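Since the structure comes first, as structure tokens, the remarks are kept for the end.
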Amino acid sequence: MKKHMIFFALIFTSFIFGQNTTSPTVNGQGRKSPDELIPAKFPEGNKVFATLLSSKFTVTNIDCSVTGIQKTLIEFVVEKDGSINAIKTFGSNESLNKEAVRTIKSIVQKWTPATLNGENVRSKYTQPFSLVCQ
């Protein structure tokens, strides 16, 4: 009986894992499939954006009365024309949040917008930021 149960369990799992899945394919002309979303990116790359964000940050504007790591999450929308809009921050240190918004607004370089089906679309971008207060 035990052998029969193991046999049926193996057969059953082979049906589960034997299902076909479809994945986006590249058409004959070397283009991506039309439903693929290409995310927004900073022209020199998102790592350069993070470095630029850090370099423009003014630490003297931050309230560091609480020592330790202060974190905020910066969220904004990259518009169809590459401009930044709807900047929001999520963190417990209000002065860090305000400085993050000021810093994002000070970056005037436009982004490469996200595309869907070959057309520019609005997209949300999230950037974490941490600061060590001593």
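Residue numbering for the sequence shown is -18 to -1, 1 to 116, as defined by mature numbering (1 follows the signal peptide of the UniProt record, and there is no 0). Glycine is no exception: its CB is placed at the ideal position from the N, C-alpha and C atoms. From a predicted model like this one, the values you see are computed outputs, not experimental measurements.
| Query | Result |
| --- | --- |
| Cβ-Cβ distance between L78 and L113 below 9 Å | yes |
| Assigned exposure category for Q52 - 16 Cβ within 10 Å defines buried | buried |
| DSSP three-state assignment for N99, whether helix, strand or coil | coil |
| Three or more C-beta pairs below 8 Å linking the segment 89 to 98 and the segment 64 to 80 | yes |
| Close Cβ partners of P21 (< 7 Å) along its chain, the five nearest in sequence each way excluded | A96, S105 |
| Buried or exposed by the 16-neighbour rule on C-beta atoms within 10 Å, applied to T108 | exposed |
| Cβ shell of V103 (< 6 Å), same chain only, five flanking positions each side left out | A96 |
| Contacts around V60, its chain only, beta-carbon distance under 6 Å, and the 5 residues preceding and following it disregarded | A22, W93, P95, S105, Y107 |
| Status (buried if at least 16 other CB within 10 Å, exposed otherwise) for E81 | buried |
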